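Q: Handing you a structure now.
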Amino acid sequence: MKIRLEKSLAQNKTSQILVPVIAVFMALLFCGVFLAVTGRDPFEVYQAMFAGALGSEYGISETLVKMIPLALCGLGIAVAFRMQIWNIGAEGQFYMGACGATWVPLTFPNLPFVVMIPFMIFMAALGGGLWGLLAGWFKTKWQVSETITTLMMNYIAILWVSYLVYGSWRDPKGLNFPLTAPFPDAALIPTFGALRVHYGIFAVLLLAVIFWLFFKGSKWGYETLVIGSNPVAARYAGMDIRKNVLLVMFISGAISGFAGMVEVSGIVGRLQPGISPGYGYTAISVAWLARLHPIAIVIVAFLFAIIHVGGFMIQTMGIPSAAATMLQGAILFFVVGSEILTQYEIKFSNKEEAQDE
Amino acid sequence: MEVTPLIRMSNIVKRFPGVVANDQVNLDLYAGQIHALLGENGSGKSTLMSILSGLYRPTEGNIEILGEEKKIDSPSDALANGIGMVHQHFKLIESFTVAENIALSQTSGSVLISEEEIVEEITRLGKKYGLFVDPRAYVWQLSVGEKQRVEILRMLYNDSKVLILDEPTAVLTPQETRELFSNLRNMADNGCAVVFISHKLNEVEELADQITVLRNGRVTGSIGRSEINQARLIEMMIGRDIITAYEKSEPSDKEPVLVIDNISALNDMNTLGLDGITFKVRAGEIYGIAGVSGNGQRELAEVLAGLRHTLSGSIKFYGEEIAGLSPKGMIGRGISYVPEDRLGMGLVPKLNSCDNVILKEYGSEKFSKGHFLKRDAAIAETQRIVREFDVKMGSIFQPVKMMSGGNLQKLLLGREIASKPKLMIVLYPVRGLDIGAIESVHKLLLQMKENNTAIILVSEELEEIAKLADRVGVIFNGKILGEFPVKEMDTEKIGALMAGIVGNGGAKA
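Read top to bottom, the protein sequences are chains Z and Y. Under our numbering, the residue at position 62 of the first sequence is numbered 494, and the numbers go up by one with no gaps. Under our numbering, the residue at position 245 of the second sequence is numbered 372, and the numbers go up by one with no gaps.
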């Protein structure tokens with residue numbers, strides 16, 4: 433008997449949702465077996481993770497804190513990925529955005545809140561956007577693969593921020609630590625009471641809805657979709673591919689840059705090295721698992737945040753937080769691996785192929 | 128006694144989802160012979176040779192090598208059996224040297240390879256067959272012709288006895304082509320069986336010992352060198368029987384609306400695809416372009432669609448110079464291009480019918496308001512097109528890649544017709560369609576003609592042109608070699624022109 437995979441012609445809506453959900457359970461099962469082998473009760477561990485991430489006001493706040501940058505970067509990435517522009521430079525654009533935002537309070541510390549915050553947002557979007565645009569320009573000008581340039585430019589951006597905080601932006605009163613001066617209050621996004629979660633959450637929801645509307649029903653959303661799935665047809669229909677590559681790279685970078693601003697202004701309160709523990713990279717998985725759907729991106733970002741925070745919580749049980757990273761990896765592995773099931777059908781056949789004697 | 132063929136392919140059938148690419152094909156290849164496979168694009172030549180070289184597996188049928196049945200599962204299998212293929216797109220690593228590229232494909236020998244030995248062997252083979260190329264040169268430094276020589280050397284290095292070349296002359300200059308031909312002859316004289324895939328008659332005539340013609344995946348004939356007769360080959364390639372034309376009216380306007388004057392343009396290989404093409408079309412007229420494909424048809428259409436730059440010449444459309452306009456500019460002036468590659472260019476396979484219907488007009492007031500699309504208008508228009516043009520599909524919200532060829536073509540034509548074009552360029556509109564669909568596509572084109580649209584119909588079937596067109600121009604090497612009113616169409620004369628033979632039959636060169 434032979435087992436073959438055949439490209440399935442009909443794409444099934446239910447299977448598109450069901451398959452990833454099952455894949456997540458498979459990942460939980462897989463890691464559960466692993467935990468059991470190392471002598472833990474997987475149910476207890478999972479319960480501790482979820483309780484840690486969602487069982488208290490503090491837990492939920494921390495989870496949302498992680499969700500915000502993941503979702504924002506995920507949205508930025510989705511804009512590009514929808515057009516099959518592989519911008520994996522969200523991390524660098526995040527840093528450049530943070531850098532742009534930080535320049536505002538460092539240069540004009542006395543601006544009032546209503547001017548300061550929009551100005552910071554503007555500069556962050558400009559910083560991240562131009563960083564993305566540069567890679568887009570390389571692509572349109574010399575056909576340089578944006579995958580390579582955006583990845584490389586991540587390192588430049590991260591080191592650029594280090595250069596600033598170790599150098600000219602270092603707080604003179606900071607005891608030589610590589611930190612900028614703390615932001616004035618007017619440059620901080622308000623939080624919910626004493627919790628760390630801040631009003632940036634509204635920006636996430638608003639942007640998700642805006643992108644959802646634009647992806648779904650706008651001329652521009654349609655153009656990027658056509659260019660992404662068939663550039664030849666796009667050119668045939670008179671669409672300007674060059675302009676769209678540049679525009680999409682700018683917007684994609686601007687959103688990740690905004691995420692950087694939200695992080696320094698809402699959480700850190702200053703610029704310092706390591707403001708992102710790889711949000712820009714994890715967000716690639718987030719966008720991908722959400723199939724680039726803006727609303728789904730928020731949900732998947734929330735799920736990843738749960739795992740992240742939960743992983744932190746289970747350290748009290750003596751389990752390394754790497755267990756959570758492993759769970760994240762397993763989820764990605766199973767979801768991407770099961771992708772094939774939404775596109776192909778498994779066929780069994782008994783027909784033996786003719787053998788030569 | 129009969130000589131055992133080096134290769135015998137018997138009853139080869141290859142099915143792809145929805146398409147039969149090869150249907151009961153038999154082919155014998157003999158050592159010392161150059162065997163040409165002739166046929167139009169899509170006739171199944173390349174598929175057949177991809178089966179022999181291990182890229183595809185046949186759905187049915189078998190392959191014998193020197194009388195022994197063999198299964199060829201992969202290209203390396205084929206190579207081990209002495210079968211090598213040079214593809215249209217070379218499979219060389221640009222940043223490696225010639226010797227390194229050849230070493231990479233080595234199928235036998237030890238793990239450690241001495242560069243010296245390879246260089247020596249390449250030099251020896253080069254001398255023997257007249258394939259001169261510097262073994263130490265980097266591939267990126269080589270001309271296209273030299274790269275092809277490297278590909279051929281690579282097969283010879285692996286002791287290939289069967290050498291398959293897929294349209295090898297498409298990328299070559301005439302000088303290089305002559306060299307290649309003498310090299311191939313040399314190889315045949317040294318006991319190789321050479322397979323030469325082509326759709327160019329004159330080359331085949333010059334080179335081949337045996338010619339097998341494929342049409343729609345079937346062998347329509349196989350003749351030896353002594354029996355070569357161009358008219359017969361054309362007939363085998365494109366079919367013959369002229370059927371009575373549809374009833375149609377004479378275009379009322381006498382003045383041409385499209386005047387193409389001495390247009391030249393490059394093809395994808397950066398050689399001249401259009402070489403001073405000149406013709407005129409009137410409103411309400413169907414101008415048929417007959418010719419073996421690859422003679423500039425696609426380049427002509429792309430120039431008119433704004434997708435390809437012109438080097439020189441002028442195109443006047445309703446008095447306005449339009450050469451060099453963007454695709455948008457061409458669409459805006461009412462020029463509609465129905466490409467041969469429906470899913471590759473005309474439609475977006477992953478999107479549904481609605482999204483495909485608005486492809487060219489999504490920015491118009493009909494389908495959008497401000498930044499947003501009018502979903503309802505798109506749905507209504509799609510439903511109208513589906514009804515009017517009788518497009519069969521599961522749902523207008525399914526990706527169009529799930530539709531059959533005939534329905535795809537009707538949807539595509541429906542969209543183009545709905546945009547009320549003044550000029551339509553239609554390439555191979557019925558390729559791959561069944562009889563019912565062919566008829567409805569033809570009726571649509573005649574309807575457009577009645578509505579005073581100027582139509583350029585590019586077809587490989589003379590029959591189709593005879594049925595639909597008012598005038599026919601024969602294209603060869605990027606030029607119109609002759610032009611006739613369809614009523615005076617003479618298959619033999621056209622056949623000769625398609626092969627590039629300008630006789631004294633009164634055709635203008």
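Glycine included, C-beta positions come from ideal geometry on N, C-alpha and C. Computed from a predicted model, the values in this text were never measured in an experiment.
(1) Which same chain residues end up closer than 6 Å to Z:Ile739 when comparing Cβ atoms and leaving out the 5 residues on each side of it in sequence?
(2) If we define contact as Cβ-Cβ less than 8 Å, is Z:Trp652 a contact residue for chain Y?
(3) In or out: Z:Leu703 buried (at least 16 other Cβ within 10 Å) or exposed?
(4) For Y:Ser391, which three-state DSSP category applies?
(5) Let me know the secondary structure DSSP gives Z:Phe400 once reduced to three states.
(6) Can you tell me which of the three DSSP states Y:Met625 falls into?
(7) For Y:Lys407, name the three-state secondary structure that DSSP assigns.
(8) At what residues does the beta strand (DSSP E) containing Y:Ile607 begin and finish?
(9) With a threshold of 8 Å between beta-carbons, can Z:Ala669 be considered close to chain Y, or not?
(10) Y:Ala581 by DSSP, collapsed to three states: which one?
(11) One question on the structure: do Y:Arg336 and Y:Arg359 come within less than 8 Å of each other, judged by their Cβ atoms?
(12) Have a look at Y:Lys576, Y:Leu206, Y:Met363, Y:Asn483 and flag the residue whose alpha-carbon is nearest the alpha-carbon of Y:Gly411.
(13) Given a cut-off of 8 Å, decide if Z:Ala530 and Z:Ile716 are closer than it, judged by their beta-carbon atoms.
(14) Is Y:Ile607 closer than 8 Å to Y:Ile404 when the C-beta atoms are compared?
(15) Give the residues of chain Y in contact with Z:Gly649, contact being defined as C-beta atoms less than 7 Å apart.
(16) Among Y:Met314, Y:Ala505, Y:Arg514, Y:Leu219, which one has its Cα closest to the Cα of Y:Leu486?
(17) For Z:Met584, count neighbouring C-beta atoms within 10 Å of its own C-beta (all shown protein chains included) and say buried if the count is 16 or more, exposed if not.
(18) From Z:Phe545, Z:Leu504, Z:Met552, Z:Ile633, pick the residue whose C-alpha is nearest to that of Z:Ala533; which is it?
(19) Please name the residue in Y:Leu334, Y:Leu307, Y:Gln268 whose C-alpha comes closest to that of Y:Lys253.
(20) Quick check on the DSSP output: what are the complete alpha helix (DSSP H) runs of length 4 or more inside the stretch 439 to 493 of chain Y, in order along the chain?
(21) Do the CB positions of Y:Glu488 and Y:Ser546 come within less than 8 Å of each other?
(22) Quick check on DSSP: helix, strand or coil for Z:Arg674?
(23) Take the Cβ of Y:Asn422 as the centre, count every other Cβ of all protein chains shown within 10 Å, and call the residue buried at 16 or more, exposed below.
(24) Spatial neighbours of Z:Ala722 within its chain, please: CB distance less than 6 Å, with the 5 preceding and 5 following residues excluded, ordered by chain position.
(25) Whose C-alpha, out of Y:Thr398, Y:Phe143, Y:Gln160, is nearest the C-alpha of Y:Val130?
(26) May I ask which residues mark the beginning and end of the alpha helix (DSSP H) holding Z:Val536?
(27) Could you tell me if the beta carbon of Y:Glu332 falls within a distance shorter than 7 Å of some heavy atom in the ligand SAM?
(28) Per DSSP, what kind of secondary structure is Y:Gln337 in: helix, strand or coil?
(29) Counting only Cβ-Cβ distances shorter than 9 Å, please list the residues of the stretch 461 to 484 of chain Y near chain Z, keeping chain order.
(30) When the Cα of Y:Val246 is compared with those of Y:Ala226, Y:Lys255, Y:Tyr256, Y:Glu590, which residue comes out closest?
(31) Compare the C-alpha of Y:Ser435 against each of Y:Gly459, Y:Val518, Y:Gly451, Y:Pro466 and name the closest.
(32) Please say whether Z:Ile751 and Z:Val511 have beta carbons closer to each other than 8 Å?
(33) So Y:Asn343 and Y:Ser137 are in contact, right, with Cβ under 8 Å, and what is the actual spacing, rounded?
(34) Just to confirm, is the Cβ distance from Y:Ile416 to Y:Ile134 under 8 Å?
(35) Chain Z beta carbons: is any one of them nearer than 8 Å to that of Y:Ile245?
(36) Name, please, each residue of chain Z whose Cβ falls closer than 7 Å to the Cβ of Y:Gly490.
A: Based on what the coordinates show:
(1) Translated into positions along the first sequence, residue 739 of chain Z becomes position 307. Cβ within range, chain order: Ala756, Leu759, Gln760.
(2) In the first sequence, residue 652 of chain Z corresponds to position 220, counting from 1. Among the residues facing chain Y, Z:Trp652 is included, as its CB has a counterpart in that chain under 8 Å away.
(3) Locating residue 703 of chain Z in the first sequence gives position 271, counting from the first residue. Buried, by the Cβ-count rule.
(4) Indexing the second sequence from 1 puts residue 391 of chain Y at position 264. The answer is strand: DSSP assigns Y:Ser391 an E or B state.
(5) Outside the displayed span of chain Z (433 to 789) sits residue 400 of chain Z, for which this structure offers no information.
(6) In the second sequence, the residue the question calls residue 625 of chain Y occupies position 498. Assigned with DSSP and collapsed to three states, Y:Met625 falls in helix.
(7) The residue labelled residue 407 of chain Y in the question sits at position 280 within the second sequence. Reduced to three states, the DSSP call for Y:Lys407 is strand.
(8) Along the second sequence, one-based indexing puts residue 607 of chain Y at 480. Element bounds for Y:Ile607: 606 to 612.
(9) Locating residue 669 of chain Z in the first sequence gives position 237, where the first residue counts as 1. Output row for Z:Ala669: interface = yes.
(10) Here residue 581 of chain Y corresponds to residue number 454 of the second sequence, with the count starting at 1. In this structure, Y:Ala581 counts as strand in the three-state DSSP scheme.
(11) For this step, residue 336 of chain Y is matched to residue 209 along the second sequence. For this step, residue 359 of chain Y is matched to residue 232 along the second sequence. The question names Arg, but residue 336 of chain Y in the sequence shown is Asp. Taking 8 Å as the Cβ cut-off, Y:Asp336 and Y:Arg359 do not qualify as a contacting pair.
(12) Position 284 of the second sequence, counted from the start, is the residue given in the question as residue 411 of chain Y. For the options Y:Lys576, Y:Leu206, Y:Met363, Y:Asn483, the alpha carbon positioned closest to that of Y:Gly411 is the one of Y:Lys576.
(13) Along the first sequence, one-based indexing puts residue 716 of chain Z at 284. Along the first sequence, one-based indexing puts residue 530 of chain Z at 98. No, the pair does not count as a contact, with Cβ atoms beyond the cut-off.
(14) Residue 404 of chain Y sits at position 277 when you count from the first residue of the second sequence. Residue 607 of chain Y sits at position 480 when you count from the first residue of the second sequence. Contact: yes.
(15) Position 217 of the first sequence, counting from 1, holds the residue named residue 649 of chain Z. The contacting residues are Phe499, Leu500, Arg502.
(16) Residue numbering aside, residue 486 of chain Y sits at position 359 when the second sequence is read from its first letter. The candidate whose alpha carbon is nearest that of Y:Leu486 is Y:Ala505.
(17) Taking the first sequence and counting its residues from 1, one reaches residue 584 of chain Z at position 152. Looking at its Cβ environment, which holds fewer than 16 other Cβ atoms inside 10 Å, Z:Met584 is exposed.
(18) Residue 533 of chain Z sits at position 101 when you count from the first residue of the first sequence. Among Z:Phe545, Z:Leu504, Z:Met552, Z:Ile633, the Cα nearest to that of Z:Ala533 belongs to Z:Met552.
(19) On the second sequence, position 126 is the one that residue 253 of chain Y refers to. For clarity, residue 253 of chain Y is Gly in the given sequence; the question names Lys instead. The shortest Cα separation from Y:Gly253 among Y:Leu334, Y:Leu307, Y:Gln268 belongs to Y:Leu307.
(20) Here the runs fully enclosed are 454 to 459, 480 to 484.
(21) Counting from 1 along the second sequence, the entry for residue 488 of chain Y is found at position 361. Counting from 1 along the second sequence, the entry for residue 546 of chain Y is found at position 419. Yes.
(22) To locate residue 674 of chain Z, count along the first sequence from 1; it is residue 242. Of the three classes helix, strand and coil, the one that applies to Z:Arg674 here is helix, per DSSP.
(23) By 1-based counting over the second sequence, the position of residue 422 of chain Y is 295. Y:Asn422 is buried by the Cβ-count criterion.
(24) Taking the first residue of the first sequence as position 1, residue 722 of chain Z is located at position 290. So the qualifying residues of the chain are Ala728, Ile729, Val732.
(25) Along the second sequence, read from residue 1 onward, the residue named residue 130 of chain Y stands at position 3. Looking at Y:Thr398, Y:Phe143, Y:Gln160, the one whose alpha-carbon comes closest to that of Y:Val130 is Y:Gln160.
(26) The sequence position of residue 536 of chain Z within the first sequence is 104, counting from 1. Boundaries of the alpha helix (DSSP H) harbouring Z:Val536: 522 to 539, taken from the DSSP string.
(27) This structure lacks the ligand SAM; in fact it carries no ligand of any kind.
(28) Your numbering for residue 337 of chain Y matches position 210 in the second sequence. Strand, per DSSP.
(29) Residues Tyr464, Pro466, Asp468, Leu470, Gly471, Met472, Gly473, Leu474, Val475, Pro476, Lys477, Leu478, Asp482, Asn483.
(30) Along the second sequence, read from residue 1 onward, the residue named residue 246 of chain Y stands at position 119. Nearest of Y:Ala226, Y:Lys255, Y:Tyr256, Y:Glu590 to Y:Val246, Cα basis: Y:Ala226.
(31) Sequence index remark: in the second sequence, residue 435 of chain Y carries index 308 (1-based). Sequence inspection shows Arg at residue 435 of chain Y; the Ser mentioned does not correspond to that position. Per the Cα distances, Y:Gly451.
(32) Walking along the first sequence from the start, residue 511 of chain Z turns up at place 79. Walking along the first sequence from the start, residue 751 of chain Z turns up at place 319. It is not a contact, given that the beta carbons lie outside the stated cut-off.
(33) Position 216 of the second sequence, counting from 1, holds the residue named residue 343 of chain Y. Position 10 of the second sequence, counting from 1, holds the residue named residue 137 of chain Y. Actually they do not touch by this definition, with Cβ atoms about 20 Å apart.
(34) Locating residue 416 of chain Y in the second sequence gives position 289, counting from the first residue. Locating residue 134 of chain Y in the second sequence gives position 7, counting from the first residue. No, Cβ-Cβ distance for Y:Ile416 and Y:Ile134 is not below 8 Å.
(35) The residue labelled residue 245 of chain Y in the question sits at position 118 within the second sequence. Interface with chain Z (8 Å Cβ-Cβ cutoff): Y:Ile245 is excluded.
(36) Walking along the second sequence from the start, residue 490 of chain Y turns up at place 363. The answer, in chain order, is Lys651.
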